[in-house]
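Engineer:
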Amino acid sequence: MKINKKLNLEKLPTHIAFIIDGNGRWAKKRELPRSMGHKAGMQTVMTTVQHAFDLGIKVVSIYAFSTENWNRPKKEVDYLFELFEQYIKTDMQKLYDQNVKLMVMGDYTKFPKSLADSIAKAIEDTKDHTGPILNLGLNYGSQDEIVRAVNHIIQDGQQSVTKEIFTSYLYTKDLPPLDFIIRTSGELRLSNFMLWQAAYSEFLFPKLHWPDFKEKQLEKALIAFQKRNRRFGAIKESK
Ligand code: IPE
Ligand code: IPE
Ligand code: MG
């Protein structure tokens with residue numbers, strides 16, 4: 459595949475995240491059931507994540523299931539669980555074979571046992587992998603993550619913490635800072651995603667529904683990122 463010439467492979471973000479949104483609307487537009495949107499969406503996760511790693515991005519975080527998504531009809535939630543299990547057990551093997559390490563943020567132990575077991579197994583099987591990291595948000599909510607961190611801090615008997623110590627209690631403790639968040643489908647909100655980590659992230663809100671966000675769109679998004687001037691509070695032009 460020809461890579462867009464405007465993309466500078468020397469200036470890629472290290473850690474990007476996707477809030478995958480619009481699976482349902484994608485399906486509705488085609489008069490398909492929402493489940494077909496989720497199915498297409500998972501295929502897009504595979505192709506887009508693969509392309510991100512092929513380009514040289516080190517960490518990709520994906521918001522796949524939020525703590526609020528339990529509010530959806532049981533049938534939809536169950537279908538999502540089925541899809542997750544199939545992907546984590548089977549389809550993602552391709553990534554694991556490329557030395558990709560799977561990490562998960564969120565309390566996946568609340569999922570049905572067979573799914574929770576396959577997640578735990580994939581994490582264990584890839585824990586020593588030294589390649590790119592795929593970090594999945596599964597039953598993830600940023601507010602839950604922050605409260606969980608505070609509770610662990612209390613249990614550890616800490617009297618006060620620094621930013622660095624607090625960060626070390628988050629699911630993302632071993633990950634580099636979050637450079638870039640992409641939310642598809644035109645919704646302009648974070649929906650409880652990586653609130654702490656997003657402190658200095660760049661944002662992009664493409665109108666496309668997630669199943670349509672393929673390799674070319676990723677390259678375009680990365681080109682947009684490369685045009686941003688990240689100042690981090692200073693006044694210097696970024697290089
Ligand atoms: C994102 O697509 C997938 C998940 C949240 C799991 P949606 O299912 O939210 O799609 P829309 O927003 O209804 O179109
Ligand atoms: C955010 O999408 C959650 C995930 C992508 C997993 P939603 O579609 O659930 O978010 P809201 O409800 O529109 O805020
Ligand atoms: Mg949505």
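Residue 459 is where the sequence shown starts when you use my numbering, and the numbers rise one by one after that. Glycine included, C-beta positions come from ideal geometry on N, C-alpha and C. Since the model is a prediction, treat every value here as computed from it, not as a measurement.
(1) What number of angstroms, rounded off, separates the C-alpha of Ala522 from the C-alpha of Asn481?
(2) Does at least one heavy atom of ligand 3 sit under 7 Å from the Cβ of Gly595?
(3) DSSP state of Tyr698, grouped into three classes?
(4) Can you tell me whether Phe690 is buried or exposed? The criterion is at least 16 other CB atoms within 10 Å of its CB, across all chains shown.
(5) List the whole-angstrom C-beta distance separating Ile474 from Phe651, where the pair is believed to meet the contact cut-off of C-beta under 8 Å.
(6) With a threshold of 7 Å, establish whether the CB of Ile522 neighbours any heavy atom of ligand 2.
(7) Given the structure, does Glu540 come close to ligand 2, in the sense that its CB is under 7 Å from one of the ligand's heavy atoms?
(8) When every heavy atom of ligand 1 is checked, does at least one fall within less than 7 Å of the C-beta of Asp479?
(9) Have a look at Gln617 and Val608 and give me their C-alpha separation to the nearest angstrom.
(10) Comparing C-alpha positions only, which one of Tyr566, Ile591, Gly564 and Glu673 sits nearest to Met550?
(11) What residue does the beta strand (DSSP E) around Ile477 start on, and which one ends it?
(12) Taking the alpha-carbon of Tyr627 as reference, which of Glu603, Lys685 and Glu645 has the nearest alpha-carbon?
(13) May I ask whether a heavy atom of ligand 2 can be found less than 7 Å away from the beta carbon of Arg492?
(14) Hey, would you say the C-beta of Gly482 is under 7 Å away from at least one heavy atom of ligand 3?
(15) What is the residue span of the beta strand (DSSP E) that Gly595 lies within?
Structural biologist: According to the structure shown:
(1) 11 Å
(2) For ligand 3, not one heavy atom lies less than 7 Å from the Cβ of Gly595.
(3) This structure gives no information on residue 698, because the portion of the chain shown stretches from 459 to 697.
(4) By the 10 Å Cβ count, Phe690 comes out exposed.
(5) Actually they are not in contact, since the Cβ atoms of Ile474 and Phe651 sit about 13 Å apart, beyond 8 Å.
(6) According to the sequence shown, residue 522 is Ala rather than Ile. Result yes, Cβ under 7 Å from ligand 2.
(7) Not under cutoff, so the answer is no.
(8) Asp479: yes, Cβ under 7 Å from ligand 1.
(9) 11 Å
(10) The alpha carbon of Met550 has as its nearest neighbour, out of Tyr566, Ile591, Gly564 and Glu673, the alpha carbon of Ile591.
(11) His473 to Ile477
(12) Glu603
(13) no
(14) yes
(15) From DSSP, the beta strand (DSSP E) with Gly595 extends over Ile591 to Tyr598.
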